[in-house]
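Visitor: Numbering (full-length UniProt numbering), first residue to last: 1 to 129.
#1: Which term fits residue 84, buried or exposed, when burial requires 16 or more other beta carbons within 10 angstroms of its beta carbon?
#2: Quick one: residues in its chain with C-beta nearer than 6 Å to the C-beta of residue 113, no 5 flanking neighbours on either side, listed in chain order?
#3: Under 8 Å, with one C-beta from each stretch per pair, do the segment 66-74 and the segment 115-124 reach the 3-pair mark?
#4: Are residue 158 and residue 97 touching if we call contact CB-CB under 8 Å?
#5: Which residue comes first and which comes last in the beta strand (DSSP E) that contains residue 113?
#6: Just to confirm the assignment, what range does the beta strand (DSSP E) spanning residue 49 have?
#7: Sort 78, 123, 54 by Cα distance to residue 65 and report the nearest one.
#8: Measuring alpha carbon to alpha carbon, tell me which of 101, 31, 36 ends up nearest residue 44.
#9: Residues in its own chain within less than 6 Å of residue 99 by CB, not counting five upstream and five downstream?
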C-alpha cells in the first residue's frame with residue numbers, strides 16, 4: 001500500500017487537495033481522531049469511507065449558491081470537490097469508526113484494537129526414562 005501511516009497516499013497528490021483544510025490527527029488512549037474544518041458542508045455533502053482495508057477516505061463537495069437576483073462582487077471561498085486519504089495503522093479497528101460534524105468541524109474517530117494478550121509460556125513435562 002502506497003503512503004505511510006496517517007500520511008497521504010502518493011497517488012492522491014492532486015490539485016483538489018488544497019480544497020480540504022489540513023486535518024489534525026490525534027492519538028488518544030483508545031482511539032485515533034481526525035479533525036477537519038469543513039465549513040459550509042452539511043452531512044449530505046460529506047462522505048467518510050474505508051477502502052483497500054486500511055485507507056480512510058474523507059471527501060465532500062462545496063457547491064456554489066446560485067441566486068438569480070444576486071451578483072457576486074468578489075468570490076474567494078473555495079468551491080468544488082475535496083478528498084484526503086490516510087493509511088491507518090495496524091491497530092485501528094476497522095469495525096469501529098464513527099464520524100460527526102458539528103459547527104463545520106468534522107471529527108472521525110477510529111477506535112484502536114485491544115493490545116494482544118501476552119503469550120503464556122508453555123510448560124513441557126519431562127519424562128523420566
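Just so it is clear, CB atoms sit at the ideal spot from N, CA and C, and this is done for glycine as well.
Guide: On the basis of the coordinates in this document:
#1: buried
#2: 91, 93
#3: Fewer than three Cβ pairs drawn from the segment 66-74 and the segment 115-124 lie within less than 8 Å of each other, which leaves the two stretches out of contact.
#4: The shown model of the chain, from 1 to 129, leaves out residue 158, and the question about it has no answer.
#5: Where residue 113 is concerned, there is no enclosing beta strand (DSSP E), given that its DSSP letter is neither H nor E.
#6: 46-51
#7: Minimum Cα distance to residue 65 is reached at 78.
#8: With distances taken between CA atoms, residue 44 lies nearest to 101 out of 101, 31, 36.
#9: 48, 108
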